[in-house]
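There are 2 protein chains.
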Amino acid sequence: MVDRRSNKRSNLRDVAKAAGVSIATVSRVLNSPDIVSAETRRRVMETIEDLHFVPSAAARAINSGRTKMVGALIPTLDNAIFAKFLAALEARLGESGLSLIVATTDGDPDIEARKAQGLVDIGAEALIVSGVTHSHAFDELIRRARIPAIATSYYDEHYSLPTIGYDNAAASLTALEFLRSEGHRKVGIVHGPVSNNDRTRARLSGLEKLAADVTIQSFETTLSIEGGAAAAREFLKAQTSCTAILCLSDVLAMGAILELQRNNVRLPDEISLMGIDDLPYSSFSNPQITTIHLPVSRMGTYTADAVIQWLDNDIVPKSKLIEAQLIVRQSTKTYRSQE
Amino acid sequence: MVDRRSNKRSNLRDVAKAAGVSIATVSRVLNSPDIVSAETRRRVMETIEDLHFVPSAAARAINSGRTKMVGALIPTLDNAIFAKFLAALEARLGESGLSLIVATTDGDPDIEARKAQGLVDIGAEALIVSGVTHSHAFDELIRRARIPAIATSYYDEHYSLPTIGYDNAAASLTALEFLRSEGHRKVGIVHGPVSNNDRTRARLSGLEKLAADVTIQSFETTLSIEGGAAAAREFLKAQTSCTAILCLSDVLAMGAILELQRNNVRLPDEISLMGIDDLPYSSFSNPQITTIHLPVSRMGTYTADAVIQWLDNDIVPKSKLIEAQLIVRQSTKTYRSQE
DNA sequence: TTGAAAGCGCTAACAC
DNA sequence: GTGTTAGCGCTTTCAA
């Protein structure tokens, strides 16, 4: 019969007493079952079941130093690209018994540093951040706490932390190259804020390689559908001779498409438009958006695996390039200059 | 001079020794500073700074029982509606020094129960779940662990847990009533899977009140843009005499709009369409979607406050109805039968 | 293969 | 106001 006198969680001692062994033995059954005799192990495990015993994570943490918690610092949950990444990350970490603590930074390095400190304080065993632009305080924290940390969404093998992500510069270059190969020589670039956003900066820098072949004109805006729409308005007002628009994020592309259509601009006949990211709606919009697919789910899974390896086997991950992929859909069209 | 001999985190004893006080005094400075003399307090705090001392969360948890962690179980991160909710939740919890542990359930009560157990095991002080459909194992867990738990996205004052959410039935009824007031008498209903989704079921049930006035025809599909598009195809194939479509989620509305436009159906001239949720793109699409705004950010903030009150002051929250709001935009139009 | 016992870093009850 | 001390629930030597 199970002892139900008390309501509090049972502990090692309760189990030990009920099973007629010492607490050390119970602890062994939990942590290294193979060094306990089969019979004892069976009896103890049975008792554990009976008493609904669950080891205290706090007590375990205080002794072993392992909390099984991983902290993720992301700019925002509002962008599907990060949400999808987190989903994959959480799924894979969970398989290995690791919990994910989420903190949003709003893209602000100071907030990031503060929240990172908080995560470390509560015992996060590893940190996952976005991009490679971080505050000094953050770098110091990683150094002092000697905590495994991985930078994602950005590939840079020379960064102080292992990076797992795409080559943002290459992604935008691929996009622009595609437009050029389709005959476009003047392209409007719509992008989000440059400050504190290394992904945007990298994507912009990628375009420079084609500076000789393609003339570009930039429109900076906020990173939202509304921002994309606003940029499209600016674009129209500017009366450029651009034959295509490259949005450095699909959210922006979405906003731009809607605004252009509101102004009766036919896509892709009058102007070609493409994005980068490949969000869910990009393949369902009218027209479907030609874009660069960034495999964020794969990045999440890969990052989780890297963290697990680092934590369990002390294997520091190498930086990993996640290949982006051009997806040609309906929003772009070959341009032929009328001679 | 700071002692740098050791690399490990300094502890209470280190601080006490360096400041020339007892560990109890240091503990007091940390937890109830006002009962320590100003001078002592100053000296101790200085030492704490010097040694970069950070109290061990695990040790604190083992003694005080407080881990400062809250677990959230949500169906998916892929839907902006949940992501926005989480963002608000995390923000407000963070202000009170609480961390958010995220677990996704894929809408499966069994996965939910398993992950809920995991959250409790690692010391979550409270649980936040979505909806009111949960497994027996989950209910048992809440009961046994006596852990504060709040159900969100669904208002039901009779549920065993406090609920903070909207009246889903009322939301869909409001939508259908609006369509009726606009002259629509036959309406196609596009909705997500009914199984394991009480929100969808509630929204469907809300429509029944108007059964006498409005004839409806249902189209069940998956909860995604693609699902919405597929449902729209079905709708067209069915050749109904419906003059409006009510999508029980904006994601579905989005997919449906795109598919209808692909089939050259003019909105809202040939058919009216509305949604429920009010996602970011709903106000930017062409046409902008008439919908029911569900204030998920407010729900997140409110839920966080409720959790904090419960944890800090043992005040069990009352169920709270978050008011939804009809937002009339461009995708709907008055219907006049041609007599 | 098992048990006894010494901590881990902290909080809180109690004493001065 | 401050110090002493007994735990919290566990892991981990060290002996047996």
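Here the protein sequences line up with chains A and B, keeping their order. Residue numbers for the first sequence follow the working numbering, so the first one is 806 and each next one is one higher. Residue numbers for the second sequence follow the working numbering, so the first one is 806 and each next one is one higher. All C-beta atoms in this analysis are idealised placements derived from N, C-alpha and C, irrespective of residue type, glycine included.
Exposure of residue i, with buried meaning 16 or more beta-carbon neighbours within 10 Å
{"i": "residue 986 (chain A)", "result": "exposed"}
{"i": "residue 829 (chain A)", "result": "exposed"}
{"i": "residue 1092 (chain B)", "result": "buried"}
{"i": "residue 968 (chain A)", "result": "buried"}
{"i": "residue 1123 (chain B)", "result": "exposed"}
{"i": "residue 841 (chain A)", "result": "buried"}
{"i": "residue 1120 (chain A)", "result": "exposed"}
{"i": "residue 1018 (chain A)", "result": "exposed"}
{"i": "residue 865 (chain A)", "result": "buried"}
{"i": "residue 826 (chain B)", "result": "buried"}
{"i": "residue 870 (chain B)", "result": "exposed"}
{"i": "residue 834 (chain A)", "result": "buried"}
Rounded separation between residue i and residue j - CA only
{"i": "residue 1013 (chain B)", "j": "residue 831 (chain A)", "result": "58 Å"}
{"i": "residue 1104 (chain A)", "j": "residue 886 (chain B)", "result": "23 Å"}
{"i": "residue 1061 (chain B)", "j": "residue 1036 (chain A)", "result": "27 Å"}
{"i": "residue 936 (chain B)", "j": "residue 954 (chain A)", "result": "35 Å"}
{"i": "residue 1136 (chain A)", "j": "residue 1054 (chain A)", "result": "14 Å"}
{"i": "residue 1033 (chain A)", "j": "residue 1064 (chain A)", "result": "8 Å"}
{"i": "residue 951 (chain B)", "j": "residue 814 (chain A)", "result": "11 Å"}
{"i": "residue 981 (chain A)", "j": "residue 1072 (chain A)", "result": "18 Å"}
{"i": "residue 948 (chain A)", "j": "residue 1003 (chain B)", "result": "48 Å"}
{"i": "residue 979 (chain A)", "j": "residue 1097 (chain A)", "result": "8 Å"}
{"i": "residue 1075 (chain B)", "j": "residue 975 (chain B)", "result": "27 Å"}
{"i": "residue 1128 (chain B)", "j": "residue 971 (chain B)", "result": "6 Å"}
{"i": "residue 1118 (chain A)", "j": "residue 1111 (chain A)", "result": "10 Å"}
{"i": "residue 1011 (chain B)", "j": "residue 888 (chain A)", "result": "31 Å"}
{"i": "residue 1016 (chain A)", "j": "residue 1094 (chain B)", "result": "40 Å"}
{"i": "residue 977 (chain B)", "j": "residue 977 (chain A)", "result": "43 Å"}
{"i": "residue 808 (chain A)", "j": "residue 964 (chain A)", "result": "Low confidence applies here, because residue 808 (chain A) scores a pLDDT of 39, under 50, leaving its location unreliable and the question unanswered by this model."}
{"i": "residue 926 (chain B)", "j": "residue 932 (chain B)", "result": "12 Å"}
{"i": "residue 806 (chain A)", "j": "residue 858 (chain A)", "result": "Because the pLDDT of residue 806 (chain A) is 34, which lies under 50, any placement of that residue in the model is unreliable, and the number read from its coordinates should be weighed accordingly. About 15 Å."}
{"i": "residue 1068 (chain A)", "j": "residue 988 (chain A)", "result": "24 Å"}
{"i": "residue 1049 (chain B)", "j": "residue 1140 (chain B)", "result": "9 Å"}
{"i": "residue 1025 (chain B)", "j": "residue 1099 (chain B)", "result": "22 Å"}
{"i": "residue 883 (chain B)", "j": "residue 839 (chain B)", "result": "47 Å"}
{"i": "residue 1031 (chain A)", "j": "residue 1086 (chain B)", "result": "9 Å"}
{"i": "residue 1006 (chain A)", "j": "residue 1131 (chain A)", "result": "20 Å"}
{"i": "residue 992 (chain A)", "j": "residue 863 (chain A)", "result": "57 Å"}
{"i": "residue 1038 (chain B)", "j": "residue 902 (chain B)", "result": "49 Å"}
{"i": "residue 999 (chain A)", "j": "residue 1080 (chain B)", "result": "35 Å"}
{"i": "residue 1001 (chain B)", "j": "residue 904 (chain A)", "result": "25 Å"}
{"i": "residue 966 (chain A)", "j": "residue 959 (chain A)", "result": "11 Å"}
{"i": "residue 1084 (chain B)", "j": "residue 1106 (chain A)", "result": "27 Å"}
{"i": "residue 849 (chain A)", "j": "residue 942 (chain B)", "result": "24 Å"}
{"i": "residue 811 (chain B)", "j": "residue 819 (chain B)", "result": "A caution first: residue 811 (chain B) carries a pLDDT of 45, below 50, which makes its placement in the model unreliable, though a value can still be read off. Straight-line Cα distance between these residues: approximately 11 Å."}
{"i": "residue 957 (chain A)", "j": "residue 915 (chain A)", "result": "18 Å"}
{"i": "residue 924 (chain A)", "j": "residue 844 (chain A)", "result": "42 Å"}
{"i": "residue 879 (chain A)", "j": "residue 1126 (chain B)", "result": "31 Å"}
Rounded distance between the beta-carbons of residue j and residue i, thought under 8 Å
{"i": "residue 898 (chain A)", "j": "residue 1109 (chain A)", "result": "5 Å"}
{"i": "residue 929 (chain A)", "j": "residue 875 (chain A)", "result": "6 Å"}
{"i": "residue 1022 (chain A)", "j": "residue 1047 (chain A)", "result": "6 Å"}
{"i": "residue 852 (chain A)", "j": "residue 823 (chain A)", "result": "5 Å"}
{"i": "residue 973 (chain B)", "j": "residue 919 (chain B)", "result": "Not quite, the Cβ-Cβ distance comes to about 26 Å (not below 8 Å), so this is no contact."}
{"i": "residue 1078 (chain A)", "j": "residue 1056 (chain A)", "result": "So it is not a contact: roughly 13 Å between Cβ atoms."}
{"i": "residue 934 (chain A)", "j": "residue 945 (chain A)", "result": "Wrong, their Cβ atoms sit about 14 Å apart, outside the cutoff."}
{"i": "residue 881 (chain A)", "j": "residue 913 (chain A)", "result": "Not really, about 11 Å apart at Cβ, beyond 8 Å."}
Residue i Cβ short of 7 Å to the ligand GDP heavy atom set
{"i": "residue 1076 (chain A)", "result": "Among the components of this structure there are no ligands whatsoever, and the ligand GDP is therefore not found."}
Residue ranges of each beta strand (DSSP E) run of no fewer than 3 residues wholly in the stretch 1050-1127 of chain B, ordered along the chain? Qualifying beta strand (DSSP E) stretches, in chain order: 1077-1079, 1096-1098.
Jot down the residue ranges of each uninterrupted alpha helix (DSSP H) in the stretch 979-1015 of chain B, minimum 4 residues, whole runs only, in chain order. List check, alpha helix (DSSP H) in window: 1003-1011.
Give, in chain order, every unbroken run of the alpha helix (DSSP H) that is at least 4 residues long and sits entirely within the stretch 925-953 of chain B. Entirely contained in the stretch 925-953 of chain B, the alpha helix (DSSP H) runs reaching 4 residues are, in chain order, 941-950.
Every unbroken alpha helix (DSSP H) inside the stretch 884-926 of chain B [4 residues or more]: Within the stretch 884-926 of chain B, the complete alpha helix (DSSP H) runs of at least 4 residues are 885-900, 914-926.
Taking beta-carbon pairs under 9 Å, can you tell me which members of the stretch 1080-1091 of chain A lie near chain B? Result list: 1085, 1086, 1088, 1089, 1090, 1091.
What are the residues of the stretch 879-898 of chain B that lie near chain A, defined by any Cβ-Cβ distance shorter than 8 Å? Of all residues in the stretch 879-898 of chain B, those with a C-beta nearer than 8 Å to a C-beta of chain A are 881, 882, 883, 885, 888, 889, 891, 892, 895, 896, reading in chain order.
Name, going along the chain, the residues of the stretch 1039-1072 of chain B whose beta-carbon falls closer than 7 Å to a beta-carbon of chain A. Against chain A - using a Cβ distance shorter than 7 Å - the residues of the stretch 1039-1072 of chain B are 1059, 1060, 1063, 1066, 1067.
Which ranges does the beta strand (DSSP E) cover as unbroken runs of at least 3 residues, wholly within the stretch 824-892 of chain B, from first to last along the chain? Counting only runs of 3 or more, we get 874-879.
Can you pull out the residues from the stretch 1093-1120 of chain A whose beta carbon lies closer than 8 Å to at least one beta carbon of chain B? If the cut-off is 8 Å between Cβ atoms, the stretch 1093-1120 of chain A has nothing near chain B.
Closer than 8 Å between beta carbons: that is the criterion. Which residues of the stretch 904-915 of chain A meet it against chain B? Flagged, chain order: 904, 905, 906, 907, 908, 909.
Using a beta-carbon distance cut-off of less than 7 Å, what residues from the stretch 951-963 of chain A approach chain B? Answer in chain order: no residues at all.
Members of the stretch 845-860 of chain B that neighbour chain A once the beta carbon cut-off is set at 9 Å: Those residues of the stretch 845-860 of chain B that come within reach of chain A (Cβ to Cβ, closer than 9 Å) are 857, 859, 860.
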